[in-house]
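Protein chains in written order, with our numbering: chain A, 7 to 309; chain B, 3 to 509; chain C, 24 to 389.
Read the structure below first, then the notes.
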Amino acid sequence: MNAIQFILAGMLAAATPFLLAALGELVVERAGVLNLGVEGLMALGAVIAFIIVYHGGGHLIGFVAAGICSALLSLVFAIIALVFRANQVAAGLAIGILGQGLSALFGKSYESLTVKGLPRLALPWFSELPIIGGLFTQDIVVWFSLAGTLAIWAIFTFTKTGLVIRAVGENPKAAHAIGYPVILVRTAAVAFGGMMAGFAGAYAAVVYTPLWADGMIAGRGWIAIALVVFGTWLTGRIFLGACLFGAVSLMGPAAQATGMDVPSQLLSSLPYLVTIIVLGIISADRRLLKLNGVASLGEPFER
Amino acid sequence: MSQPLLSLRGISKSYGAIRANQEIDLDVAPRSIHAILGENGAGKSTLMKLIYGVEQPDDGTAAWKGEPLSLASPAEARHRGIGMVFQHFSLFETLTVVENIQLVVPGRKAELTKRIRTLGRDFGLEVDPFAHVHALSVGERQRVEIIRCLMTNPKLLILDEPTSVLPPQLVNKLFDTLRRLRDGGVSILFISHKLEEIRAICDRATILRGGRVTGNVDPREHDAHDLARMMIGRDMPEPIPALPLSGGERRLEIIGLDYTPDDPFAVPLSSISLTVRASEILGIAGISGNGQSELSALISGETVLKREQADRIFMMGRDVGTLDPAARRELGFAFVPEDRLGRGAVPEMSLLLNSLLTAHPLKLLKHGLINRARAAAFTNDCIRQYDVRTRGPDAEAGSLSGGNLQKFIVGREIMLAPKLLFVAQPTWGVDVGAASAIRQRLIALRNAGMAILVISEELEELFELSDFIQVLHHGTLSPPLLAVNTKPEEIGRYMIGAEPAGEKASA
Amino acid sequence: MSRPALALLPILIRRDRASLTATLLAPALALAAALILNLGLYVLLGRDPVAVVHAMLLEPFLSWASFSEVLLKTGPLLLIAQGLAIGFRAKVFNIGAEGQFILGAIFASALPIWFPQATGAWIWPAMLLLGAIGGALWASITAFWRVRLNANEILVSLMLSLVAAQLLYYLLLGPWKDPNGFNFPQSVMFQYDAMVPTLIPGTRVNVSLLIAFALSAAAWIFMQKSFMGYKLQVGGLAPRAAGYAGFNQGWAIWLSLLIGGFAAGLAGAAEVAGPLGQLQRSISTGYGYAAIIVAYLGGLHPIGIVVSAFFMAALYIGGDNAMVSANLPIAAVRVFQGSLLLAYLVAITFVRYRLEWRHAGHRNTS
């Protein structure tokens, strides 16, 4: 298998933690809230899922529990940032620190233990195609994430729910004036984002690299937040961005497999460097950000 | 009078220490156009929010067709048959017209689109259902708001200052629509502070002052003076006369300025030209959203031109297009922006620190450190000379009322002794007394030789202040019109773009 | 939505002016709340809460040895937090102090690693200066990205911290590895002149603590008295007012980030030239992140930060103690830090708001 085939086969799985967390953050930001605690929410989801799967609870229960726990932690953020109108940057950082701390605390006695991942399901016919065939052999969570991406795109494009979320994010005062419960809508969005971050963490810990190590999220929550900016708040572009980062994070192993002499630290920092560069390129187009951006992002709502 | 449609008894509402409404009684008859008259801060908007369920009263009862009524939310109000058109529109710019309507009215897109078109035809409210709201003019946005209300089949329609965004011609068109609606069985609550309009269209008027009802009359039976007395508690102040024009030196000159903003929601400007001379007031008329904020920022220096665009904006004879606000101020420019909180002043800072914002060159600093004694003296002077009602220089700017903060900012800018003063919306949200004090001060400064540029939505104000008036519409500016020789209708034609800029000059 | 139930809850009403009482009480109340929550957690984890409290909050002050360690940790936290707070007041959210700290340590180490034979009293001051420059340079990448490319400084500065950690590993596993270090990821031990002189004999507390206090005083003058500090604060509170007054926002962002990077780099340099005496993989135990909490708990005020830096340093030492004596994982310190900041953010709401129970009134219920 050459490097390209290797990357194509692994890209979607590697992209899934980014994708799930970024889709959650997309909904949160569309509602006008900036939750910077994604890294911590993912870390919490990861440890919860790992513990449950390790003790034989199964992947499904693991994912559900991870989603619930991260959603609950994100509700703490919602109460502090939305009800108490605290600075969203500070509240998000605090949730991030708390989530990572809880993750390390709970995961202490599971350090370096492993669990079994999930089998890959091949899509008939497609998976036998040359070169790109690997794209169509994926575990069930990847398939669900792809369906979820489509669903979120459809919600924002066709449904009234999507319309309400966008309205609350663009002009909360007006949304309030025509009778929408702004704080409630935002809280629900934050909880959804928390749940997705929990799933993302769970996937990273019990499917993608089913081995517990403290700090295993390794900045992926932050990259997910950056992905929302890369995607200029559009579902399709966020998906493409997640695939890009999936591919980038596989370049390390791919390069080593082909025997290239590159310091491993450079390969490890590749995702971060790519984030910085792409962030610079996309953000420089101020008009684009303004056009697709969320007008009230990060501002507390007060009637 | 038959049984009232809506009847309020003893409604009160306080925000902290501010008692916005006290013991309000109000009866709205079926099939009537009922005015709520009062100046800024009299409690009109609060009352409407209570009726529409956006806020809940602290005290009092309401009845709807004789039945007790309690409104916990706008959804409930709509369900009962109450609709509202807001003063600052509650529309979403990034959504289309039909999406905006979908947020309030149940139904599928296709069906809503059809109803929007029908209503538009029947009531003279034509608008493209698929247009994005940010691309609409202010008048069109108001139509969307009214259509959105009408689609809920209201029995009572509340309009908050609906004419403030319309040129005179469109005001008449709106009045036609309102009369048609009344004849169709809808009652209308018409909020305004413009006396003539109320006399023209309303058959009942309830007058508010300081949060209380001070009159309940048939406006057609009273002249404007009577109504004004009920509204402000005394006669309207008389304007002071201006000295004749003297043709002084050019302090601000803009020549053929074209500007395309970075912000996709902003209005591009094209071939803007204007001149303001010493001892002269130039007024810029037009409805907000036609390029006013873009033009202000270009004049103040908050937006700077690219280097390629030389020789477009001159102040005191110097090309200032690429200079930042601080550099323009050094040339003798001062500016009162239209938004006071967060731009003209920092709400969380004391008045003393807010003085420093623009007055720091008046030796309020020493070796880079703030000289508190001098800053306090400056602030105290400003508070005294401009009659700012406040606890003192340590009060936070955010704790002042709109009128008092405006007096402070106007005072601060005038105390800089500028050669060129630019005031945007001098009396927005300011009570009548403070507004007339500000206008008199501006005329006195003009007489003393200052060049003054005023942007305002209020035509009456511009006629009172200005020597020349130019109209801003769709990012273009009309030729200057000598105010004493011009009728409001002429300005109005420019405001709706019926007479494109330049056409009249060539005709 | 259950409106009747919500109606029973008090609502927040904006105060006419900020409450000084609430400002001063907030940290104490937050500490109490965080303490209760965390003790509950320790009980759930099966630890003896009394032993934990004793180890974490009292032991640091009970012996001179551990108290001097608290003072030692106060230095870097104080330096970094003062720098960050200036940026935070200007709403420039530099959360990459960790990376700037690491770069400070790397820059400072270059001198003794490249010139191990050099002697003279100029070495350690030169190292501190180099470190500060290194931190500021690293922060200037973020500043460039934010000012010229309009990129979000939170994300860029954080990503740069992760890159900085990789850069450190690269140096320690490659070119700067101590050849006689048994393959440990660490540099050679520095020469005597590369060490910051100790301040209190018999302890590791060194002159850098004095520098931290001196810079705190400078920060106080800068933020509370100077016009430059005033301009930064206007930019943070009301950016459009800063634009209106003609205060250059790009300049404010550069200044905020350079100050933050300078202070964090200085702290990093003082760490390698102080207690460590070499460049190691574990030079920072999350100082850069902890300092964010220190800055907020100190109310972003230079004097408050002195107090909160001291407290946070004690918490670090206490956490170490609790790990040994109460068998509490060190991660508990991070949990405590996070919950403390959350509690504080709730508490400071009452600086600008007060609670009011809704009027029962004579309203009809539908």
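Even for Gly, the Cβ is constructed at its ideal location relative to N, Cα and C.
Small disclaimer: the values here were computed from a predicted structure and weren't measured.
Listed in chain order, the beta strand (DSSP E) elements of length 3 or more contained wholly in the stretch 32-97 of chain B are 35-39, 61-66, 69-71 and 84-87. Counting only runs of 4 or more residues that sit fully inside the stretch 193-274 of chain C, the alpha helix (DSSP H) segments are 231-247, 250-260 and 262-268, in chain order.
Between I129/C and A286/C, the C-beta gap is not smaller than 8 Å, which leaves the two residues out of contact. In this structure, DSSP gives V338/B an extended state, which the three-state scheme calls strand.
Closest by C-alpha distance to V374/C, out of L364/C, V356/C and G322/C, is G322/C. Listed along chain B are G370, L371 and I372, each with a C-beta nearer than 8 Å to that of S249/C. Minimum Cα-Cα distance from P363/B among the listed residues S307/C, A268/C and Q303/C corresponds to A268/C.
Within the stretch 120-187 of chain C, the complete alpha helix (DSSP H) runs of at least 4 residues fall at 120-137 and 146-172. Distance between E415/B and L423/B, taken at the CA atoms: about 8 Å.
Interface flag for L402/B against chain C is unset, since no Cβ pair is found closer than 8 Å. Annotated three-state conformation of M317/B is strand, per DSSP. In terms of CA proximity to A55/A, W218/A leads the group W218/A, Q11/A, L88/A and A84/A. With a threshold of 8 Å between beta carbons, Y267/C makes contact with chain B.
Note on geometry: alpha-carbon atoms of E282/B and R112/C lie some 43 Å from one another. Counting only unbroken stretches of 3 or more residues, the beta strand (DSSP E) elements lying wholly within the stretch 415-503 of chain B are 422-426, 453-457 and 470-475, in sequence order. Taking C-beta separations shorter than 7 Å and ignoring five residues to either side along the sequence, the partners of P99/C in its chain run A290, A293, E294 and Y310, following chain order. Inside the stretch 181-258 of chain B, DSSP marks whole alpha helix (DSSP H) runs of 4 or more residues at positions 197-203 and 226-234, from first to last along the chain. For T193/A, the three-state secondary structure derived from DSSP is helix.
Taking the beta carbon of A347/B as reference, the chain C residues within 7 Å of it are A264, listed in sequence order. Along the stretch 60-138 of chain A, the alpha helix (DSSP H) occurs as fully enclosed runs of 4 or more residues at 65-84 and 94-113, listed in sequence order.
Nearest in C-alpha terms to S279/C, of all of G63/C, L95/C, I306/C and Q105/C, is Q105/C. Across the set V140/B, N356/B and G303/B, the C-alpha of N356/B shows the shortest separation from the C-alpha of Q408/B. Taking 8 Å as the threshold, the shortest C-beta distance from V135/B to chain A does not fall below it. Across the structure, P170/B and R214/B are spaced so that their CA atoms are roughly 31 Å apart.
In the three-state reduction of the DSSP assignment, D178/B falls in the helix class.
Two segments are said to touch when three or more pairs of C-beta atoms, one from each, lie closer than 8 Å; by this definition the stretch 274-288 of chain A touches the stretch 222-241 of chain A. Under the DSSP assignment, D124/B falls in the alpha helix (DSSP H) whose first and last residues are K111 to F125.
Pairwise C-beta distances place the stretch 197-214 of chain B in contact with the stretch 16-28 of chain B, as three or more of them are shorter than 8 Å. Inter-segment contact for the stretch 290-298 of chain B and the stretch 467-480 of chain B is present: three or more beta-carbon pairs are separated by less than 8 Å. Listed by position along chain C, the residues whose Cβ is nearer than 8 Å to that of L359/B are V257, A264, Y267 and A268. Around A210/A, the same chain offers P23, M48, A52, M222, I223 and R226 as residues with beta carbons nearer than 8 Å, after the five sequence neighbours per side are excluded.
Secondary structure at T154/B: coil, using DSSP grouped into helix, strand and coil.
DSSP links G285/B through a beta bridge to V456/B and I471/B.
Between A180/A and S92/B, the C-beta spacing is below 8 Å.
DSSP links D29/B through a beta bridge to S9/B.
At least 8 Å separates the CB of E308/A from every CB of chain B.
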